[in-house]
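Single-structure report; data block below.
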Amino acid sequence: EAKRFGRDRLEVFDQDLHQRNRDRLDLEVALRRALGEGELQLHYQPQIDVASGRTVGAEALLRWLHPERGVLLPAEFLPLAEESGLIVDVGAWVLTAAMTGAAGWAGVDGEDAPYVTINLSARQLAHPGLLDDIDAALAASGIAPSRVEVEVPESVTTDDLDATGEVLKAVRARGIGVALDDFGSGWTSLTSLQRLPVDTVKLDRGFVIDLTSGTGCGGTAVVEAVTTLAHALGKTVIAEGVETAAQHVALRGLGCDRAQGYLYGAPARTLAAGVAPG
Ligand code: C2E
Ligand code: MG
Ligand code: MG
Ligand code: MG
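Going by the UniProt record's numbering, the sequence shown opens with residue 417, and the numbers climb by one from there.
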């Protein structure tokens with residue numbers, strides 16, 4: 417009896433696995449098609465200067481307008497793209513689309529035009545064609561490299577640091593900025609900060625939540641320490657996931673340079689450049 421039960425369970429499990437593999441393959445085929453059919457789209461989320469409240473830049477965030485399933489978020493398809501290697505082609509599309517989109521942005525009231533910041537994945541950073549893809553995007557868009565920044569994920573592990581560092585040096589040699597994304601969300605943050613050539617530190621949303629959550633997690637002390645450290649190293653600090661005015665006020669008090677979050681604007685098709693409530 418126990419044996420039969422076990423075998424049934426195994427069959428159910430096999431079917432699940434089989435179905436999952438088929439779903440993954442379907443999604444991979446669909447994503448490859450989506451790339452050719454123009455179903456990928458970028459949304460832009462404003463980044464503001466904390467002191468003035470002005471929009472100084474925007475992060476490009478990928479969306480897939482799936483014909484049947486509606487708008488898909490990166491979490492629903494990027495892990496698969498990363499696994500299958502499709503991220504390299506998707507990423508090349510993102511680079512050109514983001515730079516071309518941002519090339520048309522103008523500054524308000526004689527201010528500099530906002531910069532665009534573009535997410536890179538670990539696999540893209542390890543791909544030998546990345547610099548060529550960046551150069552192609554720069555050439556196609558005609559944007560000034562000083563208006564472009566790339567974001568390096570926290571998931572770039574210690575093993576990859578030397579190689580990643582070399583790539584980022586080459587990126588910076590082109591005049592493009594480098595940001596460390598989700599800083600503090602993993603264990604390797606301090607090593608990455610010390611060993612990678614970066615201009616900007618993006619404070620993870622978790623720290624922003626702790627700032628005013630009242631749970632006594634030392635949120636203020638941590639943000640203050642990270643800001644002090646980053647400034648001592650000559651880097652800009654940006655907080656992500658800012659949702660409330662109280663968080664904004666706390667960040668301003670701690671000397672955080674820039675901020676991004678629903679408080680200032682959600683990711684949208686067009687960048688609404690202007691002055692945020694402050
Ligand atoms: P990320 O780079 O850390 O981007 C920030 C994420 O937080 C975005 O999610 C954004 O929509 C969301 N967000 C912004 N403000 C708030 C807020 O106030 N509260 C909350 N709760 N969330 C906020 P999204 O667009 O779903 O992107 C998720 C992740 O997917 C990104 O995290 C990034 O790692 C990755 N990603 C997005 N676009 C690309 C891309 O073009 N290429 C690569 N390689 N990765 C991308
Ligand atoms: Mg990012
Ligand atoms: Mg982030
Ligand atoms: Mg994040």
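A virtual CB, placed ideally from N, CA and C, is assigned to each residue, including glycine. All values derive from a computational prediction rather than experimental measurement.
Around the Cβ of Asn535, are there at least 16 other Cβ atoms within 10 angstroms (buried) or fewer (exposed)?
Reading the sequence shown from its first residue, position 119 is the one you call residue 535. So Asn535 counts as buried.
What residues sit near ligand 2, counting only those whose C-beta is closer than 6 Å to one of its heavy atoms, in chain order?
Glu475, Asn535, Glu567, Asp597
Could you give the residue range of the beta strand (DSSP E) that holds Pro462?
Taking the sequence shown and counting its residues from 1, the one referred to as residue 462 is at position 46. 456-465 is the extent of the beta strand (DSSP E) around Pro462.
Any heavy atom of ligand 3 closer than 7 Å to the CB of Glu656?
For the purposes of this step, residue 656 is taken as the residue at position 240 of the sequence shown. Yes, Cβ of Glu656 sits closer than 7 Å to a heavy atom of ligand 3.
Could you pull out every residue in the same chain whose Cβ sits closer than 6 Å to the Cβ of Leu670, ignoring the five residues on either side in sequence?
On the sequence shown, residue 670 is found 254 positions in, with the first residue counted as 1. Cβ within range, chain order: Val639, Glu640, Thr643.
Would you mind reading off the limits of the alpha helix (DSSP H) that contains Arg621?
Counting from 1 along the sequence shown, the entry for residue 621 is found at position 205. Start and end: 621-628.
Taking 8 Å as the threshold, find out whether the segment 481-501 comes into contact with the segment 671-686 through three or more Cβ pairs.
no
Contact belief for Ser557 with Ala519 at Cβ below 8 Å, rounded distance in angstroms
Here residue 557 refers to the residue found at position 141 of the sequence shown. Here residue 519 refers to the residue found at position 103 of the sequence shown. With a Cβ gap of about 5 Å, Ser557 and Ala519 count as contacting.
Can you name, in chain order, every residue of its own chain whose Cβ lies under 6 Å from the Cβ of Gly694, other than the five neighbours on each side?
Your numbering for residue 694 matches position 278 in the sequence shown. Only weak support exists for where Gly694 lies, its pLDDT of 43 falling under 50; the value from the coordinates is given anyway. These residues qualify, in order along the chain: Gly469.
Delimiting residues of the beta strand (DSSP E) encompassing His482
Locating residue 482 in the sequence shown gives position 66, where the first residue counts as 1. Taken as a continuous stretch (DSSP letters only), the beta strand (DSSP E) holding His482 covers 471-482.
Same chain, Cβ closer than 7 Å to Gly681, five either side skipped, listed in chain order:
Numbered from 1 along the sequence shown, position 265 holds the residue referred to as residue 681. Here the set comprises Gln461, Pro462, Ala688.
Counting pairs of Cβ atoms below 8 Å between the segment 544-561 and the segment 504-511, do you hit three or more?
yes
When every heavy atom of ligand 3 is checked, does at least one fall within less than 7 Å of the C-beta of Lys651?
Counting from one through the sequence shown, the residue named residue 651 turns up at place 235. Checking the Cβ of Lys651 against ligand 3 gives no.
For Lys618, which of helix, strand or coil comes out of DSSP?
Residue numbering aside, residue 618 sits at position 202 when the sequence shown is read from its first letter. Strand.
Hey, how far is the Cα of Val617 from the Cα of Gly602?
Counting from one through the sequence shown, the residue named residue 617 turns up at place 201. Counting from one through the sequence shown, the residue named residue 602 turns up at place 186. Whole-angstrom Cα-Cα distance: 14 Å.
Leaving out five residues on either side along the sequence, give the residues of the same chain with a beta carbon under 8 Å from the beta carbon of Arg539.
The residue you call residue 539 lines up with position 123 of the sequence shown. Result list for Arg539: Glu498, Gly501, Ile503, Val504, in chain order.
Inter-stretch contact at 8 Å, needing at least 3 Cβ pairs: the segment 439-458 / the segment 655-665
no
Measuring straight from C-alpha to C-alpha, what distance separates Ser562 and Thr652?
As a position in the sequence shown, residue 562 is number 146, starting the count at 1. As a position in the sequence shown, residue 652 is number 236, starting the count at 1. Using only the alpha carbons, I get a separation of about 15 Å.
Buried or exposed: where does Leu489 fall if 16 or more other Cβ atoms within 10 Å of its Cβ makes it buried?
Here residue 489 is taken as the residue at index 73 of the sequence shown, counted from 1. With fewer than 16 Cβ atoms within 10 Å of its Cβ, Leu489 is classed as exposed.
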